[in-house]
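Convert by adding 72 to the 1-based position in the sequence shown; the result is the number in our numbering.
Beneath this line is the structure, given in structure tokens, with notes to follow.
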Amino acid sequence: MKPASNALIVSFLLLSGLSNGVRAEDAAQTPKTPTSEESTVKLPAFLETLKNAKLIEDSRLPANAPKSDLRKAFEEAAKAGSGVKTDIIWLTHNASPAGRLYAVSLLKKIEPQTAKSTLEEFKADKENVSYKHGGEIVHYSVGEIAIDQLSVKPIIVIDLP
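Here's what the structure looks like:
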């Protein structure tokens, strides 16, 4: 091997070692802790339910169907409307994936333009969310649901009738 080749190999090995050291430091960072804002926000109970939602339920229910706690919370939030607007906007960035989609659905009634721009932001979101329709549960990404919600005739029905 030529001396120049050896120098390149040594340089490569040195850079690889430094690169691995950086990756090890990144991996050693502590997990994200809630910011002071996240830990001090006091939400009404119905918004806490939406914040922690594990799935989205199709809003097309027969009139005589029993309502889940999640559905009741969603309806209560819709009735509260603009009275909880600040909390709803906060939820669009700080809730579970399903909770963020419920929040943007509520925001459509209060501030349609803000809801639309939030859905545009969500289009790149790859987090998974479960969608319950009838007796089935299917899985989508937040982005896929956002794209659907931006369409003229969404297939996934979150909004209340």
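Backbone N, C-alpha and C define an ideal beta-carbon position, used for all residues, glycine too.
Three-state class that DSSP yields for residue i in the structure shown
i: V176; result: helix
i: L127; result: strand
i: P138; result: coil
i: G207; result: coil
i: K144; result: helix
i: V229; result: coil
i: A149; result: helix
i: T107; result: Note that T107 scores 48 on pLDDT, short of 50, meaning its location in the model is unreliable; the coordinates nonetheless yield the value given after this. Note: T107 maps to coil in three-state DSSP.
i: P116; result: coil
Residues that DSSP places opposite residue i in a beta bridge
i: V235; result: Lying outside 73 to 233, the shown extent of the chain, residue 235 is not represented and no answer is given.
Contact check, residue i vs residue j, beta carbons under 7 Å
i: V210; j: A170; result: no
i: K123; j: L163; result: yes
i: L127; j: K204; result: yes
i: V187; j: G215; result: Reading the sequence as shown, one finds Ala at residue 187 and not Val. No, they are not a contact pair.
Residue range of the unbroken beta strand (DSSP E) whose run includes residue i
i: E183; result: Note, E183: premise wrong, no beta strand (DSSP E); not H, not E.
i: L133; result: Taken as a continuous stretch (DSSP letters only), L133 belongs to no beta strand (DSSP E), as it is neither H nor E.
Boundaries of the alpha helix (DSSP H) in which residue i is found, first to last residue
i: L163; result: 157-166
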